[in-house]
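Here the structure comes first, spelled out in structure tokens, and everything after it is commentary.
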Amino acid sequence: MFKPLDPLLHSQLRLAVMSLLLGVEEAEFTFLKEKTESTAGNLSVQLDKLEKAGYIKIEKSFKGKRPLTTCKIQQKGVKAFEDYVDNLKNYIE
-16 MFKPLDPLLH SQLRLAVMSL LLGVEEAEFT FLKEKTESTA GNLSVQLDKL EKAGYIKIEK
44 SFKGKRPLTT CKIQQKGVKA FEDYVDNLKN YIE
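FYI, the working numbering numbers position 84 of the sequence shown as 67, with every residue one higher than the one before it.
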């Protein structure tokens, strides 16, 4: 039986961000931007959607005089990602 795929994670950029965050304790915005090869504007919008869903936590601070945005995956995000992967396997098996 095919279970619905989480539309929030079905976006290539959001899925890439979640995949990256699963492998690290936290990641800076610039790291995510570089690894996903996205624009700052698009990445900001997608991170905001993930944060509103409770999948990630975004912290804003300063590194010297420069703004620093750090993202960290939350337990709800880990579960959503695992469920997404499990459901996707049903489509390809």
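Glycine included, each C-beta is placed from N, C-alpha and C at the ideal position.
Burial state of residue i (16 or more Cβ within 10 Å)
i     : result
PHE45 : exposed
ALA23 : exposed
MET1  : buried
LEU51 : exposed
GLY6  : exposed
LEU60 : In the sequence on display, residue 60 carries Gly and not Leu. Flag for GLY60 reads buried.
Supposed close pair residue i, residue j - CB separation, criterion 8 Å
i     : j     : result
ILE39 : LEU26 : At roughly 12 Å, the Cβ-Cβ gap does not stay under 8 Å, so ILE39 and LEU26 are not in contact.
LYS16 : LEU3  : That pair is no contact at about 11 Å.
Reference residue i; option with closest CA among the options
i       : options                            : result
ALA63   : PHE(-15), GLY47, PRO(-10)          : PRO(-10)
LYS55   : GLY37, ARG49, LYS48                : GLY37
GLU34   : LEU(-8), PHE(-15), MET(-16), GLU17 : LEU(-8)
ARG(-3) : PHE(-15), GLU20, GLU8, PRO(-13)    : GLU20
THR53   : LEU(-12), ALA(-1), LYS72, GLU11    : GLU11
GLN57   : GLU9, MET(-16), LYS(-14)           : GLU9
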